[in-house]
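S.K.:
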Amino acid sequence: MNYFEEIKSELLKFKNLGIENSKDGAILIGKAPHNGPEGWLNIIYPVLSKDELISLEKELKMLIPDVYSEFLMNFSNGLNILSSTFSLYGLRRQINRLEGGKIRQPYSIITPNLYERPDNSNDNFFFIGGYNWDGSHLYIDKETGFIHCCERWDATSKIQWESLEGMILSELKRLYLLFDNNGVELDEDIETTPYS
19 MNYFEEIKSE
29 LLKFKNLGIE
39 NSKDGAILIG
49 KAPHNGPEGW
59 LNIIYPVLSK
69 DELISLEKEL
79 KMLIPDVYSE
89 FLMNFSNGLN
99 ILSSTFSLYG
109 LRRQINRLEG
119 GKIRQPYSII
129 TPNLYERPDN
139 SNDNFFFIGG
149 YNWDGSHLYI
159 DKETGFIHCC
169 ERWDATSKIQ
179 WESLEGMILS
189 ELKRLYLLFD
199 NNGVELDEDI
209 ETTPYS
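Structure, rendered in structure tokens:
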């Protein structure tokens with residue numbers, strides 16, 4: 019089993035609560051009525067084409083690290099996990115919210131890389147995701163390939179993983195322990211970031 023299959027298997031943990039495809043092809047996993055009538059726990063977005071990736075890199079004015087471009091083109095254009103508790107960013111294909119919430123899009127990878135880079139960021143840091151608890155970021159250090167988590171406004175690494183797949187799988191397993199079988203947080207006062 020390659021790591022994409024292993025990640026998908028983990029994301030499908032809540033399929034017993036429902037699974038649908040949105041109008042734009044996103045896979046919605048685990049109805050979450052406690053988060054609203056259109057709430058879902060996990061969302062896998064339609065992959066990027068090669069042309070979309072090239073266009074995204076032009077807008078970013080930088081190359082996307084190979085490991086993340088492979089993820090965007092072969093698995094998902096970003097992810098939302100446990101109602102955005104943990105997210106990986108991608109290309110927002112449209113700016114507005116049409117279709118009454120039926121169009122699903124990832125958080126923009128452009129924002130943290132161009133407009134809201136934390137202090138102490140260097141050119142080797144490529145921001146790929148984060149946590150809604152406190153706005154912490156995830157980034158790839160392009161020199162080492164390691165994935166790091168940092169605070170919202172300071173890029174000093176708090177924790178690191180040796181690979182993208184290792185980070186995603188370990189974070190899915192860790193976060194699932196903080197939620198019940200219906201995707202409801204067991205204790206809303208417990209931080210959901212991977213560091214204290």
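To convert, note that position 73 of the sequence shown is 91 in this note's numbering; the numbers rise steadily by one, no gaps.
Ideal Cβ placement from N, Cα and C applies to all residues, glycine included.
This one's a predicted model, so the numbers in the text were calculated from it and none came from an experiment.
1. Let me check one thing: in DSSP terms, what residues is residue 193 bridge-paired to?
2. Spatial neighbours of residue 151 within its chain, please: CB distance less than 8 angstroms, with the 5 preceding and 5 following residues excluded, ordered by chain position.
3. Measuring only the C-alpha atoms, how far is residue 89 from residue 146?
4. Just to confirm the assignment, what range does the alpha helix (DSSP H) spanning residue 21 have?
5. Leaving out the 5 sequence neighbours to the left and right, which residues in its chain are closer than 7 angstroms to residue 77 when beta-carbon positions are compared?
6. Does the contact criterion of 3 or more C-beta pairs under 8 angstroms hold for the region 54 to 71 versus the region 132 to 143?
7. Exposed or buried, what is residue 122 when buried is set at 16 or more other beta-carbons lying within 10 Å of its beta-carbon?
8. Could you check which residue in 43, 47, 26 and 42 has the C-alpha nearest to that of residue 36?
9. Between the C-alpha atoms of residue 159 and residue 183, what's the straight-line distance to the nearest angstrom?
10. Are three or more beta carbon pairs between the region 157 to 175 and the region 196 to 204 nearer than 8 angstroms?
11. Where does residue 174 sit, in a helix, a strand or coil, going by DSSP?
12. Look up residue 149 in the DSSP assignment and give the residues it is bridged to.
13. How should residue 49 be labelled, buried or exposed, when 16 other C-beta atoms within 10 angstroms of its C-beta is the threshold for buried?
14. Output the residue ranges of the alpha helix (DSSP H) runs that lie fully inside the region 52 to 92 and measure 4 residues or longer, sorted by chain position.
15. When DSSP builds the beta bridges, which residues end up paired with residue 137?
16. Would you tell me roughly how many angstroms separate the C-alpha atoms of residue 188 and residue 69, rounded to the nearest one?
17. Between residue 96 and residue 105, how many whole angstroms is the CB-CB distance? I'm expecting something under 8 angstroms.
18. Strictly by DSSP, which residues pair up with residue 159?
M.R.: In this structure, then:
1. DSSP lists no partner for residue 193.
2. 103, 209, 210 and 211
3. 11 angstroms
4. Where residue 21 is concerned, the enclosing alpha helix (DSSP H) stretches over 21 to 29.
5. 128
6. The way I'd put it, the region 54 to 71 doesn't touch the region 132 to 143; fewer than three beta-carbon pairs between them come closer than 8 angstroms.
7. buried
8. 47
9. 15 angstroms
10. no
11. In this structure, DSSP gives residue 174 an extended state, which the three-state scheme calls strand.
12. Answer is 104, bridged to residue 149.
13. It is buried - the Cβ of residue 49 has at least 16 other Cβ atoms within 10 Å.
14. 68 to 78 and 84 to 92
15. 172
16. 31 angstroms
17. 7 angstroms
18. BP columns for residue 159 point to 143.
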